[in-house]
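Residue numbers (my numbering): 1187 to 1401.
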């Protein structure tokens, strides 16, 4: 394993009014994962409670935990991009792991396994197995096992552009609820004919690993 220890790994955790989940997530990284070069970037996305003060106090003695403040809610993607830019330009990270703050890292050899996987497959983006505690050992990653159609792809692009706009207006959750009800009423079915398991699949966004090939 010594040959892998020269790679710097940066975790980006986005926080918005969820300091309890964020603290638990960061502690799981620092205490569970065995690896010498880990940096953790917490990006506060304009929290309206006292998240920043609590998080700063919790990690004030941790030299490898960095706290960035956006000042306002920039949305999920742009908020994470702030952390990714810091990881690449300031910390010179080789690998970037972007994770939801309600995710816990329980494998001690998590980093060593992803580095070995990179040696074997030269992946651009890796989706670790996500286990939902609410449903036991069922894995929720990856999400898709069939190739997305152009029509569905364009729909997703416009959907997330609209969600970004609604996020700024703080009504995106309402849109999601309405959208799910409409899809249910219309009985929309996905084309699952000729399903092929592929390496090129849509991954669950709760945790993604970006390699040097992508990053």
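In this text, a Cβ means the ideal position worked out from N, Cα and C, and glycines have one as well. In this text the structure is predicted, and so the values were computed from the model without any measurement.
Do residue i and residue j have their CB atoms nearer than 8 Å?
i, j, result
"residue 1227", "residue 1201", "no"
"residue 1292", "residue 1218", "yes"
"residue 1229", "residue 1254", "yes"
"residue 1261", "residue 1350", "yes"
"residue 1401", "residue 1301", "no"
"residue 1210", "residue 1232", "no"
"residue 1336", "residue 1399", "no"
Spatial neighbours of residue i within its chain, please: C-beta separation below 6 Å, excluding the five flanking residues on both sides.
i, result
"residue 1392", "1286, 1289, 1316"
"residue 1245", "1251"
"residue 1343", "none"
Spatial neighbours of residue i within its chain, please: C-beta separation below 7 Å, excluding the five flanking residues on both sides.
i, result
"residue 1250", "1224, 1225, 1226"
"residue 1278", "1194"
"residue 1376", "Unreliable positioning characterises residue 1376 in this predicted model, as indicated by a pLDDT of 40, which lies under 50. A coordinate reading is not provided."
Given residue i, which residues of its chain have a CB within under 8 Å of its CB, disregarding the five upstream and five downstream residues?
i, result
"residue 1266", "1198, 1200, 1229, 1284"
"residue 1208", "1199, 1201, 1228, 1237, 1241, 1287"
"residue 1203", "1233, 1234, 1235, 1237"
Roughly how many whole angstroms lie between the Cα atoms of residue i and residue j?
i, j, result
"residue 1280", "residue 1299", "15 Å"
"residue 1135", "residue 1345", "Residue 1135 is absent from the model: the chain starts at 1187 and stops at 1401."
"residue 1273", "residue 1396", "12 Å"
"residue 1341", "residue 1356", "22 Å"
"residue 1248", "residue 1310", "30 Å"
"residue 1354", "residue 1256", "14 Å"
"residue 1296", "residue 1348", "36 Å"
"residue 1275", "residue 1314", "25 Å"
"residue 1213", "residue 1239", "17 Å"
"residue 1176", "residue 1264", "No answer is possible for residue 1176: it lies beyond the span of the chain, which begins at 1187 and ends at 1401."
Quick check: does the Cβ of residue i come within less than 7 Å of any heavy atom belonging to the ligand NAP?
i, result
"residue 1206", "Among the components of this structure there are no ligands whatsoever, and the ligand NAP is therefore not found."
* Asked: What residue ranges within the segment 1213-1255 form continuous alpha helix (DSSP H) runs of no fewer than 4 residues, ordered along the chain?
  -> 1237-1244
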